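Everything in the sequence shown is counted per the UniProt record's numbering, starting at 1 for the first residue and increasing by one. Where a beta carbon is used, it is the ideal one built from N, C-alpha and C, also for glycine. Just so you know, these numbers come straight off a predicted model, no measurement behind them.
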Amino acid sequence: MTATAPLPFPVTPRRPGDPEADVARLALAHRALRRGCRLLADVAEEAAAGGPWSPRRRQAVVGFGRAVLREVHAHTAREDAVLWPVVAASAGAHGADLDPLTEDHAVLRALLGRARTALTAFAAAPAAAPALAAVLAELAGVLDEHVEEEEREVFPVLRRCVSVRDLARYEAVCARGSGLRQAAFALAEVADACATPAERAGLLAATPPPLRVLLRAAEPRWRRRRDLVSGR
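See the structure below:
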């Protein structure tokens, strides 16, 4: 079975001999989401173990955590609404079975709801840390498994069947729709996930000039927040 949502824009499948779509930025976005969730899980486990925690750090964890959860939710929603229909229309019978990935998204959304509730409880009382740690560890584990399956099953189809233009349109959709604050957070999170200077250079080259300006403004504050959350 394949995705049945309406097409977000007219799709032109890749033809033999056309250049392959570059999935590097999608992989980078996945890495950023996984790192964010794993950081939250590790920090919550530390809080659950006890020890001194300042109210300022707890407040930072709650704010940072909510932003990470929003980004995971937005990413899965965009895949369901935009990327999966594009993949299905481009690949036809040669595509991946997207239903298991869509089902994973439903599981992730339920976990995100539980995590938001647990963050709110932690904001009110440090004693809620063990419950928060449990749900965040589960979320990080499910997300890891989902992303690995998606990259294994869908990325080859993207390269083989989806045109460069249509993947660029999807990436443009990803760059829209968030408020300025969340867009700044997401940009800085993805930039921080770059493993090499070359990877960062590639990201910046593909980022529209207004968003590069936003990234330059947002990165220092994002790093300070991350360091406070991490306890550095």
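Which residue wins for smallest C-alpha separation from residue 87, given the options 154, 53, 148? Mapped onto the sequence shown, residue 87 falls at position 87. That would be 154, whose Cα lies nearest to the Cα of residue 87.
Quick check on DSSP: helix, strand or coil for residue 148? On the sequence shown, residue 148 is found 148 positions in, with the first residue counted as 1. Residue 148 falls in the helix class under three-state DSSP.
Residue range of the unbroken alpha helix (DSSP H) whose run includes residue 158: Walking along the sequence shown from the start, residue 158 turns up at place 158. Segment 155-161, the alpha helix (DSSP H) holding residue 158.
Using the rule of at least 16 other Cβ atoms within 10 Å of the residue's Cβ for burial, across every protein chain shown, is residue 133 buried or exposed? Start at 1 with the first residue of the sequence shown, and residue 133 comes out as number 133. Classification of residue 133: buried, given that the 10 Å Cβ count is 16 or more.
My assumption, with CB atoms under 8 Å, is that residue 79 sits in contact with residue 33. Please give the rounded CB distance. Position 79 of the sequence shown, counted from the first residue, corresponds to residue 79. Position 33 of the sequence shown, counted from the first residue, corresponds to residue 33. The Cβ separation is near 11 Å, so there is no contact.
Of the choices 73, 128, 69, whose alpha-carbon is the least far from that of residue 105? Reading the sequence shown from its first residue, position 105 is the one you call residue 105. Checked all of 73, 128, 69; the closest Cα to residue 105 is 73.
I'd like the ranges of any beta strand (DSSP E) spanning at least 3 consecutive residues and lying wholly in the stretch 15-57. You should have found no qualifying run.
Where are the alpha helix (DSSP H) runs, 4 residues long or more, that stay fully inside the stretch 67-148, in chain order? Counting only runs of 4 or more, we get 84-91, 99-124.
In three-state DSSP terms, what is residue 188? Locating residue 188 in the sequence shown gives position 188, counting from the first residue. Under the three-state reduction of DSSP, residue 188 is assigned to helix.
Which of helix, strand or coil DSSP assigns to residue 178: Numbered from 1 along the sequence shown, position 178 holds the residue referred to as residue 178. In the structure shown, residue 178 adopts coil according to DSSP, grouped into three states.
Between residue 231 and the rest of its own chain, which residues show a CB-CB distance below 6 Å, the 5 nearest in sequence each way excluded? Locating residue 231 in the sequence shown gives position 231, where the first residue counts as 1. None.
Looking only at its own chain, which residues have a Cβ that is under 8 Å from the Cβ of residue 214, when we skip the five neighbours before and after it? Counting from one through the sequence shown, the residue named residue 214 turns up at place 214. Once the five neighbours on either side are set aside, the close Cβ partners of residue 214 are 180, 183, 184, 187.
If contacts are defined as beta-carbon pairs under 8 Å, then residue 229 and residue 39 qualify, I think. What distance do you get, rounded to the angstrom? As a first step, residue 229 is located in the sequence shown; it is residue number 229 there, counting from the start. As a first step, residue 39 is located in the sequence shown; it is residue number 39 there, counting from the start. About 7 Å separates the two Cβ atoms, so the contact holds.
How about residue 101 and residue 149: are their beta carbons less than 8 Å apart? What you label residue 101 is simply residue 101 of the sequence shown in a count that begins at 1. What you label residue 149 is simply residue 149 of the sequence shown in a count that begins at 1. In contact: residue 101 and residue 149 (Cβ atoms closer than 8 Å).
Give the secondary structure of residue 193 by DSSP, where H, G and I count as helix, E and B as strand, and everything else as coil. Counted from its first residue, the sequence shown places residue 193 at position 193. Taken through DSSP and simplified to helix, strand or coil, residue 193 comes out as coil.
Does the stretch 13-22 come close enough to the stretch 156-174 that 3 or more CB-CB pairs lie under 8 Å? Contact holds between the stretch 156-174 and the stretch 13-22, because three or more Cβ pairs, one in each stretch, are under 8 Å apart.
Can you tell me where the alpha helix (DSSP H) with residue 210 in it begins and where it stops? Numbered from 1 along the sequence shown, position 210 holds the residue referred to as residue 210. For residue 210, the enclosing alpha helix (DSSP H) has its first and last residue at 209-230.
How big is the Cα-Cα spacing for residue 44 and residue 143? Locating residue 44 in the sequence shown gives position 44, where the first residue counts as 1. Locating residue 143 in the sequence shown gives position 143, where the first residue counts as 1. Between residue 44 and residue 143, the C-alpha separation is close to 17 Å.
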